[in-house]
Each structure stands twice: as structure tokens, then as C-alpha cells.
Amino acid sequence: MNPIYRFLFIILFVFTQNSNAQKRIALFNQKDLKGWYAFGEEKGKQTNAADLFSVENNMIRMYGPKAGYLMSEQSFRNFELTVEYRWNTDANFVKKNNSKNSGVMYLVPAETPDILWPKGIQFQIKEGATGDFVFLQEVTLNINGTKTTPGKSVVSKRFADAEKAIGEWNTLVVISKNGKITQKLNGKLVNQGIESTVTEGRILLQYEGFPIDFRKVNIKKHK
């Protein structure tokens, strides 16, 4: 190959790799909870998220006697969010209850106060209901031509079941672009809608009482 062409090829390759890297952000570095704060129903907001939840073996481990969440410090608009999770059935971990119920919230507005649970959209993670939409604090979405009813907590059921057996790792994907929301689970479309009344906000990992692990939380920005 001509040296000039080889040089140009290398420059183009490096530029492309850097561009791709800039588009995808690891919100969890698999070492600590930098970039997150925690909120618990008993202790309230904790700037040091490790006061409520822990990182072990490259995983976020959420457990304990009280409900709470991790909230990203950054807000996002037009993105593809990928999260890997599994239920933690190890009896050594303290739990609040036996109900396998959790979720990943997104588009939580920056000005929203910390409560259980704040304004936004939830990808429901729940035994027998994973993939449902949950619209919190008056958020609405148009699903199959019908606008959801505003309310404190409104559920719109998934189109299909796709969750793996308890204890196995699952991959959920949320795509949010200009008010259109798509939820996928293990590669399968499970819910979708348009005209979301929230279009920008933070990411939230829920702990509702049954131990759950997260090992990957990545976001890819879209224009």
C-alpha cells in the first residue's frame, strides 16, 4: 500500500474509533459508584452512594431492609441505554421482602425532587411483568394510538415475555428519540410508544426489596 494511503487509512481508523467511543458512555465503571448518588426511604439522599449500595466482583449489588435507588448525576436526551441485570438469590444478602420487583427508570428530569418514586418512565423488572411500562408522576405516552392516563403510577403491559430464568443475566435496552420510546428485553421488542411528555433526564436503578445485581450500564447518545 502507498505510504500516503496507509497514513490516511490509519488516521481515518483512529478518528472512527474515537468517534464511536465518544458516543457510548459506561455509566458504571465496574469499580465504584462514581457518577451516581443514592436515595433511601430511611436515610434520604446520600452523596456517597456506597453508604447504601455496594460494588463487588464488577457488579452493583443492591440489597438491604429498605427500598431505595441509585441516580445518575448526568442527564440524557436521545439515547440508547443498555443494562444487564439478574436477581440475586443468595440467602446471605439481606432483603426487605420476597417480591422480585425492581426496575430501571429513565428520563427523570433534573429538577424532580428525590422521592420513592420520582417522575419519569420505568422499565419494569418484576417476576411475571418484566418489560411493562410504568409511567410515574403524570408522565404519559401514546401507545398504539391511545394516550395513557396521567397518574401517580400507571402501568402499560408489555407486548411479549422475554425474561430469562431467575438467576440468569438479562439485557434490557431502552431507545429514546424525540419522544419515541422503545423497550427491548434480551433482543425482543417488549414495549413501544410515541409522544412522551418527558424527553430528557437521568437514569435510575431501583431497589424495591429483593436483591438484584447490575453489571453493565451503558448509554449511547443519538443526535
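58 is the number of the first residue of the sequence shown in this note's numbering; add one for each residue after it.
Yeah, the Cβ is synthetic: ideal placement off N, Cα and C, and Gly gets one too.
The structure presented is a predicted model; accordingly, all values stated were derived computationally and were not measured.
As assigned by DSSP and simplified to three states, the class of residue i
i    : result
A219 : coil
K80  : helix
N124 : This sequence places Ala at residue 124; Asn is not what is there. Here A124 sits in coil by DSSP.
D108 : helix
T239 : strand
F267 : coil
W144 : strand
S132 : strand
G90  : Strictly speaking, residue 90 in this sequence is Leu, with Gly absent from that position. L90 falls in the coil class under three-state DSSP.
E113 : strand
E137 : strand
G244 : coil
F150 : coil
V255 : coil
K176 : coil
N275 : strand
A95  : strand
F190 : strand
F85  : coil
K183 : strand
Cβ-based neighbour list, residue i, same chain, cut-off 7 Å, excluding 5 preceding and 5 following
i    : result
A124 : E98, K153, L173, Y264, E265 and G266
A78  : The predicted model places A78 with a pLDDT of 43, which falls under 50 and marks its position as unreliable; any figure quoted below should be read in that light. Correct list: empty, nothing qualifies.
N115 : Q87 and R272
F216 : L246, V247 and N248
Cβ shell of residue i (< 6 Å), same chain only, five flanking positions each side left out
i    : result
N158 : K183 and E265
V230 : T139 and K241
M128 : Y94, R259 and L261
M119 : F110, Y264 and I269
K80  : K277 and K278
Q103 : A95 and L109
A107 : L90
E137 : I232 and K277
Closest residue to residue i among the options (Cα-Cα distance)
i    : options                   : result
E220 : M119, Q103, R143 and I82  : R143
G202 : N149, E168, I251 and V212 : I251
P207 : A148, V112 and V255       : V255
R134 : E141, Y126, A148 and V165 : V165
N227 : K102, S156 and V274       : V274
N235 : E130, H279, A83 and F110  : H279
F192 : A217, R272, I238 and A83  : I238
S233 : E130, G224, N248 and D171 : N248
N243 : K91, K209 and E141        : E141
L84  : T146, V151 and Y163       : Y163
D171 : G101, G224 and G188       : G101
Q131 : E168, I117 and Q181       : E168
G121 : N105, E137 and F150       : F150
G188 : K209, Q194 and G160       : G160
D218 : T146, G185 and A148       : G185
I223 : D147, V211 and N105       : D147
Q181 : S210, E195, N155 and I200 : S210
Close-in-space but distant-in-sequence residues of the same chain around residue i (CB under 8 Å, 5 per side omitted)
i    : result
L198 : I178, F190, F192, K204, T205, S213, I238, G250, I251, E252, S253 and T254
Residue i beta carbon near the ligand ATP (any heavy atom closer than 8 Å)
i    : result
P268 : What this structure holds is no ligand at all, so the ligand ATP is not there to describe.
Opening and closing residue of the beta strand (DSSP E) in which residue i lies
i    : result
S159 : N158 to V165
G101 : G101 to Q103
T228 : N227 to K234
query = Curious, which full-length alpha helix (DSSP H) runs of at least 4 residues does the stretch 194-218 contain?
reply = none
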